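Here the sequence shown is numbered in our numbering, starting from 18 and rising by one per residue. Notes follow the structure.
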Amino acid sequence: MAGSYGVQQALLALILCSSFLLGANAFDFSLDSSSFTTDNMILLGGAHLTGSENGSLSLIPELPNNPQQASGVAYYHAPVRMLDPKTNKTASFSTKFTFHQIPESYNNSATDRRGDGMTFVFSSSSTWVGGAAGRLGILPLDQGNTMVKLFLVEYDTFQNSINRDPAFDHVGVDTMSAVSEVLEEVQSLGLNFWTGEQVWSWIEYNGTSKVLEVRVANSSSRPDSPLLQYTRDLVGVVNEQMWVGFSAGTGDAYSYYFIDSWEFEIFGLPAKKKSVSVGLIAGCVAGGVVMLVIIGLGVLYWIRKKRREAENVQAIEDFIQLSGMPDHFSYKQLSVATKSFSETSKLGEGGFGSVYKGILPSSGTAVAVKRVGAESRQGEREFLAEVSIISQLRHRNVVQLMGYCRDGRRLLLVYEYMPNGSLDRALLHPSSPEHVLSWERRMKILSGLASALHYLHEGWKQQVIHRDVKSSNVMLDDEFNAKLGDFGLDRLVDHSKHAETTMVAGTYGFIAPEAIGTGKFTDKTDVYAFGAVVLEIATGRKAFDSSRPEDEMSVVDMVWDRLKDGKLISVVDKRLDGKYEVVDLEVMLLLGLICSHPDPKARPSMRQVVQVLAGDAPVPPVPLCKPSLSFSSGGLAVTLRDLENTRSTSSASGTFTDRSSSTSASSFLPNSSSFFTPKQGR
């Protein structure tokens with residue numbers, strides 16, 4: 018089989034080589050966060066890879082390097098042919114890429130502290146870097162003193178009045194000037210580029226009709242209608258050979274810009290013609306001989322490579338069988354179960370790709386089927402190895418992996434089906450007032466989620482760092498038991514090793530401060546995200562909501578502000594209509610705050626969290642004001658005992674009295690305070 022596959026690859030190599038000899042008129046490539054390398058990308062200015070040799074493409078220097086007043090440009094290593102000078106015909110192209118931006122104030126209320134924006138760009142020079150700030154890392158400071166040619170689509174996040182920018186995030190088309198020729202705001206699509214969420218963009222240009230279309234979305238589903246449509250002849254704008262890539266610029270405020278995946282295709286030009294001469298004929302003959310040698314070597318290379326790959330896949334499948342991997346389903350079985358993956362069966366988007374409800378014909382069992390997208394960060398071998406380990410996780414509060422399917426390049430995961438959907442949907446969007454989550458169910462969900470994370474961090478032979486804990490990844494079964502799922506971003510760590518993983522992941526509002534600057538994830542970054550979920554459960558609000566007033570966008574900041582003002586209880590979800598225990602609510606809110614402490618050393622472990630919820634340990638002291646990362650143990654702190662002793666005659670008012678004594682923000686009180694069973698006046 019390996020030999021047959023090698024012959025097919027050899028034929029493909031022959032076709033590609035023939036196209037090269039005759040003058041190819043099409044070119045394409047596809048990259049993701051595991052295939053950006055210093056070999057296929059030219060990195061200029063502050064552009065770099067998040068790993069040492071490969072990783073996500075980052076366009077701005079990261080701390081401790083200075084990200085202010087910075088420019089970064091990354092070009093694909095080979096030029097593309099954009100213009101046929103003999104016919105003055107321009108090429109057609111299409112590109113799709115995903116990106117996300119993390120602003121300087123990712124967890125502060127000063128949301129205007131962010132960078133200027135990024136671009137998708139064609140440049141006539143592979144060494145060109147433009148100005149910072151409003152020049153977006155690519156545009157020249159002095160248009161009249163440069164010979165470079167530029168054509169770009171900007172994704173602008175900062176209003177520069179000199180550039181005639183609108184007040185909101187927008188997409189624009191520029192050539193040599195920072196003043197866009199045409200632009201459209203993205204607010205109408207419910208998008209903000211600076212929230213840390215991943216954004217998908219599609220850019221398509223028809224070289225015949227001269228029409229450019231730009232689409233953006235917060236999911237992988239390509240919108241039917243473009244956000245921006247613009248007719249522009251690129252003759253005179255581009256040279257025959259252009260370099261394609263991305264740029265970004267920052268001013269005094271900054272953001273980190275990451276390109277997560279990139280697909281590009283260019284086509285539509287006639288093959289490049291050359292005059293016939295004796296020298297050319299001789300060169301072609303010599304080149305043909307060399308090419309035959311190369312093809313022969315290529316055939317041998319492909320045969321050996323595919324034989325090794327087949328052996329590797331067989332080895333990993335043998336390992337899966339030995340390790341107790343659940344069922345292997347055929348693609349046909351899962352296609353029938355999900356009605357050919359119809360839109361009516363679609364449940365939503367997960368970490369790897371789309372998720373569908375299915376009914377297994379053989380047993381009638383309801384399952385959730387996740388189709389692993391082509392943009393997955395992992396190769397097939399790594400995927401199978403990780404799935405074989407995750408399938409061994411056994412806990413009542415972890416979504417059970419029932420099986421998988423590997424059919425060619427199609428990879429699918431089969432999970433147990435959760436009839437009550439995700440926590441964020443049940444909490445934030447109940448189907449009716451009668452379906453608002455009760456206080457008892459909220460505490461049950463919180464306790465289950467804590468138990469799941471404790472198991473992942475300490476209860477298995479390897480530590481599992483989830484990296485994307487959020488309410489949409491907490492599923493609810495028919496009895497509203499919480500089950501943590503979506504392990505598309507997790508990593509496994511030996512308990513004997515220091516547990517930290519790299520590559521920026523997670524979701525805005527749940528990302529710990531230290532993960533932004535270092536790109537490293539630990540069990541304490543999971544604890545931070547857990548704290549944000551706790552506050553969502555208590556308040557009935559999203560962890561981050563850009564539609565709210567500036568001082569209420571972050572639920573962590575908002576709750577800390579109310580604590581400082583002596584109005585902690587006022588943040589409770591009003592839909593509960595007073596049907597909750599005040600002391601239990603205080604415990605939940607304080608626990609959420611200490612878990613979301615900016616300093617990871619001050620956060621409790623999930624073992625300690627479970628002890629608090631079980632009544633075996635008190636809530637740690639919580640600072641009255643949200644500390645900075647330099648917060649020390651000498652700062653003013655408030656404990657659950659402080660709340661009990663200083664509560665006013667009306668317990669619902671939640672007013673507190675400042676105390677002169679100070680307590681360590683990371684230590685537990687010596688006395689025991691129960692979460693569920695009030696004691697000593699609770």
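Backbone N, C-alpha and C fix where the C-beta goes; we use that ideal spot for every residue, glycine too. A quick note: this is a predicted structure, and the numbers were derived from the prediction, not measured.
Beta carbon of residue i nearer than 8 Å to that of residue j
i	j	result
Ile77	Gly132	yes
Ser362	Arg388	no
Pro84	Tyr273	yes
Gln118	Thr174	yes
Pro621	Pro640	no
Leu470	Leu501	yes
Leu499	Phe527	A small correction: the amino acid at residue 499 is Ala; Leu does not occupy that position in the sequence shown. Going by C-beta atoms, Ala499 is not nearer than 8 Å to Phe527.
Val252	Thr104	no
Val415	Tyr373	no
Leu493	Met435	yes
Val228	Tyr93	no
Asn223	Ser109	yes
Val599	Ala467	no
Gly62	Val199	no
Met575	Val588	yes
Same chain only: Cβ atoms within 7 Å of residue i, ignoring 5 sequence neighbours per side
i	result
Arg152	Leu158, Ala195, Gly266
Thr666	The predicted position of Thr666 is uncertain, since its pLDDT is 31 and thus under 50; a value taken from the coordinates is nonetheless stated next. Excluding positions up to five away in sequence, the list is empty.
Ser197	Glu171, Gly189, Val190, Asp191
Asn437	Ala443, Leu493, Asp494, Asp495, Phe497
Ser47	Glu280
Met259	Pro96, Val97, Met99, Phe139, Ser140, Ser141
Of the listed residues the options, nearest to residue i (C-alpha basis)
i	options	result
Gln628	Pro183, Ser464, Val190	Ser464
Ser143	Ile119, Asn57, Trp477	Asn57
Glu553	Val573, Asp191, Lys323	Val573
Arg249	Ala150, Glu221, Ile276	Glu221
Gly420	Leu440, His446, His412, Ala385	Ala385
Tyr247	Ser347, Lys559, Ser359, Val190	Val190
Ser140	Leu167, Ala149, Leu610	Leu167
Thr556	Gly583, Asp590, Asp540	Asp590
Arg442	Ser468, Leu364, Arg411	Leu364
Asn10	Ser47, Trp217, Asp269	No answer is possible for residue 10: the residues shown for the chain start at 18 and end at 699.
Pro96	Leu200, Asp45, Arg459	Asp45
Asp503	Arg324, Asn490, Asp277, Glu280	Asn490
Ser645	Arg624, Ala631, Asp241, His614	His614
Leu607	Lys584, Thr112, Arg592	Lys584
Gly89	Ile276, Ser52, Arg624	Ile276
Asn219	Ala354, Ser226, Val231	It is worth fixing the name first, because residue 219 is Trp in this sequence and not Asn. Nearest C-alpha to Trp219: Val231.
Trp624	Lys618, His474, Ser564	The displayed chain sequence assigns Arg, not Trp, to residue 624. Of Lys618, His474, Ser564, the residue nearest in Cα terms is His474.
Phe116	Asp49, Gly147, Pro81	Asp49
Val138	Ala150, Ala149, Lys323, Ile155	Ile155
Gly595	Ser455, Glu282, Met164	Ser455
Lys700	Gly315, Ser379, Leu630, Glu451	Because residue 700 is not part of the residues shown, which for the chain are 18 to 699, the question remains open.
Same chain, Cβ closer than 6 Å to residue i, five either side skipped, listed in chain order
i	result
Ser677	For Ser677, the pLDDT reaches just 29, beneath the cut-off of 50, and the residue's location in the model is therefore unreliable, although a value from the coordinates is still provided. Result list for Ser677: empty, nothing under 6 Å.
Leu100	Thr107, Val255, Glu257
Cys422	Phe346, Tyr348, Leu351, Leu429
Phe358	Tyr373
Pro183	Glu202
Ala91	Met58, Leu60, Ala64, Leu74, Gly262, Phe263
Gly609	Gly548, Val551, Leu552
Val560	Before going on, a small fix: residue 560 reads as Ala here, not Val. The answer, listed in chain order, is Gly526, Phe527, Ala549, Glu553, Val572.
Ser111	Glu221, Glu282
Closer than 7 Å: residue i CB and nearest the ligand SAH heavy atom
i	result
Leu410	Here there are no bound small molecules, and the ligand SAH is not part of this structure.
Residues near residue i by beta carbon distance below 8 Å, same chain, minus five either side
i	result
Asp241	none
Arg181	Val196, Ser197
Gly476	His412
Practice task
Would you check if there are 3 or more beta carbon pairs closer than 8 Å linking the region 417 to 429 to the region 565 to 576?
Solution key: Between the region 417 to 429 and the region 565 to 576, the count of Cβ pairs shorter than 8 Å is below three; the stretches do not touch.
Exercise for the section: Any chance you could list the beta strand (DSSP E) runs of at least 3 consecutive residues sitting entirely within the region 199 to 242, in chain order? Expected result: The region 199 to 242 contains these whole beta strand (DSSP E) runs: 199 to 202, 216 to 223, 228 to 234.
Problem - Entirely enclosed beta strand (DSSP E) segments - the region 88 to 112, minimum 3 residues - result: Annotation: the region 88 to 112 contains the following complete segments of the beta strand (DSSP E) (minimum length 3 residues), in chain order: 88 to 93.
Exercise for the section: Go through the region 275 to 323 residue by residue and report every complete run of the alpha helix (DSSP H) that reaches 4 residues or more, in order. Expected result: Listed in chain order, there is nothing to give.
Problem - the region 477 to 492 touching the region 540 to 548, judged by at least three CB pairs closer than 8 Å - result: Counting Cβ pairs under 8 Å, three or more are found: they touch.
Handout entry: Uninterrupted beta strand (DSSP E) stretches inside the region 453 to 502 (no shorter than 3 residues)
Key = DSSP runs (the beta strand (DSSP E)) wholly in the region 453 to 502: 479 to 482, 491 to 493, 499 to 501.
Handout entry: 4 or more residues per run - each alpha helix (DSSP H) lying fully within the region 522 to 599
Key = Fully enclosed alpha helix (DSSP H) runs of 4 or longer: 530 to 535, 540 to 556, 572 to 581.
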